[in-house]
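Structure first, then comments.
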């Protein structure tokens, strides 16, 4: 009979110890060690640790040959964009997000949209009837999609052997357990072992596996950090519950870029792709109000125009308030310090509130000029025309610095019908005014931008 042993695992990094430790020696976190009972395997080699190719041998890199892998299209261009062009055969993809954000809906829609391949949708959280109800709600039907409610990997592989699918979806990895580990599902050892088993299956069979993962309170994927190293792609599905829009980001991708962004809109009949993000990031205003400026940002190869809203008012309390939604608070403090020290704008005794419209989070430094102009617009109470946009970074000396791929930003602004775009004069050498109908305004310092904008 197999013996059971007690080990302590770090919930952050998966470090294993025979005794409890207050501080993990691997990641340095405190009070993360949890006790788990692990059942020893009967055989000397576990099924999840079998060699993929026992006849493999080292080769010279010049002797290795390969062919371009044909990706599996999901029939959702936004998802294909984030994945790098589609699902790579034999890959292991992890999609994480908050509860209720739409992870299961996204993967169920994907499974039902692939009509030329067999898809097995395994759910450990819902019954077959509940999955059918969701499929009816999103009004999609497929004659090659199989569903099963199962939580044990050994029985899941039996179903896979019976169905012979071309794509497997697991919802979710935290509810799946394996008989090789004698601990509760969702524990560190169970998640690590189950992920490893699905990785071995994907690499040996060439069938891609999509995993749904939960996240913790601080927004990170639940489970050991080693799980993110095992999988090939880590996608983050995020969004504000007060808005119907969802963003799909790539945190890790062995087969494509991690700078791409897919945007969806949650509706009553499922998720709808948003091909033009500017349609919801730019608010429709009938009147020109101060404190609003439009910035040109890039997510991967996609230019997007978002509205930056600011409110500057006299501080009621002794300490002025600083608040930023969708923008880095520390960068906002830096920009305010530059305006105070280098440019002479007295903002130290005023409250400053900043908001990125649409509930999106932006980290592109090219948004600096739009943020600064919106703050100055609210401070002097002069509205900026909604036909003006901005694409430049601001340095600590108050200079307007160039940004990457300014041609794409100018071209998209020209396509959307803007009248003026403010850029750094150091970007001006790469731009020809004759190619565009939009007026390109080049500035070198923030005072120059202020004079040209509010003259």
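In the working numbering, the protein residues as written are 186 to 640.
Ideal Cβ positions, reconstructed from N, Cα and C, are used throughout, including at glycine.
As the structure is a computational prediction, the values presented were derived from the model and not from experiment.
Pair within 8 angstroms by beta-carbon distance, residue i and residue j
i           : j           : result
residue 416 : residue 436 : no
residue 488 : residue 597 : yes
residue 455 : residue 290 : yes
residue 553 : residue 584 : no
residue 521 : residue 564 : no
residue 287 : residue 422 : yes
residue 576 : residue 591 : yes
residue 391 : residue 274 : yes
residue 537 : residue 567 : no
residue 382 : residue 363 : yes
residue 627 : residue 613 : yes
residue 484 : residue 262 : no
residue 279 : residue 319 : no
residue 203 : residue 194 : no
residue 352 : residue 302 : yes
residue 546 : residue 602 : no
residue 540 : residue 494 : yes
residue 524 : residue 264 : no
residue 331 : residue 354 : no
Nearest residue (CA-CA) to residue i, options the options
i           : options               : result
residue 606 : 551, 447, 190 and 454 : 551
residue 442 : 270, 591, 193 and 319 : 270
residue 588 : 604, 608, 523 and 582 : 608
residue 374 : 482, 493, 220 and 353 : 220
residue 297 : 317, 371 and 347      : 317
residue 486 : 634, 340, 446 and 424 : 446
residue 474 : 496, 460 and 490      : 496
residue 634 : 342, 610 and 616      : 610
residue 440 : 323, 617 and 266      : 266
residue 324 : 348, 347 and 295      : 295
residue 516 : 242, 549 and 631      : 549
residue 339 : 326, 365 and 599      : 365
Residue burial classification, residue i (beta-carbon count within 10 angstroms, cutoff 16)
i           : result
residue 276 : buried
residue 501 : exposed
residue 350 : buried
residue 462 : buried
residue 431 : buried
residue 498 : exposed
residue 328 : exposed
residue 299 : buried
residue 251 : exposed
residue 562 : buried
residue 378 : buried
residue 345 : buried
residue 314 : exposed
residue 384 : buried
residue 246 : exposed
residue 249 : exposed
Chain-order list of residues whose beta-carbon lies under 8 angstroms from that of residue i (same chain, five-residue window excluded)
i           : result
residue 410 : 197, 198, 199 and 212
residue 238 : In this prediction, residue 238 has a pLDDT of 48, which is less than 50 and means its spatial position is unreliable; what the coordinates show is noted afterwards. If we look at residue 238 and ignore the five residues flanking it on each side, it has no Cβ neighbours.
residue 534 : 499, 500 and 505
residue 205 : 193, 218 and 220
Sequence-distant residues of the same chain with beta carbon closer than 7 angstroms to residue i, five excluded per side
i           : result
residue 236 : Annotation note: pLDDT 44 at residue 236 (below 50); position unreliable, coordinate value reported separately. The answer is none, since no qualifying residue turns up.
residue 368 : 221, 222, 223, 374 and 375
residue 207 : 215 and 216
residue 636 : none
residue 282 : 288, 400, 421, 422 and 423
residue 254 : 273 and 274
residue 341 : 307 and 335
residue 638 : 558 and 569
residue 629 : 584, 585 and 610
Residues near residue i by beta carbon distance below 6 angstroms, same chain, minus five either side
i           : result
residue 372 : 221
residue 508 : 538
residue 311 : none
residue 580 : 586
residue 380 : 412 and 415
residue 544 : 425 and 428
Short CB-CB distance (under 8 angstroms) between residue i and chain B
i           : result
residue 541 : The structure shown contains no chain B, having only a single protein chain.
The ligand MG heavy atom lying under 7 angstroms from the CB of residue i
i           : result
residue 207 : In terms of ligand content, the structure shown is empty, and the ligand MG therefore cannot be addressed.
Is the segment 443 to 457 close to the segment 520 to 534, with three or more CB pairs under 8 angstroms? no
Take every Cβ of the segment 388 to 403, pair it with every Cβ of the segment 354 to 366, and state whether three or more of those distances are shorter than 8 angstroms. yes
Check whether the segment 307 to 317 touches the segment 327 to 344, taking contact to mean three or more Cβ pairs, one atom from each stretch, closer than 8 angstroms. yes
Could you check whether the segment 557 to 574 touches the segment 478 to 485, counting it as contact only if at least three pairs of C-beta atoms, one from each stretch, sit closer than 8 angstroms? yes
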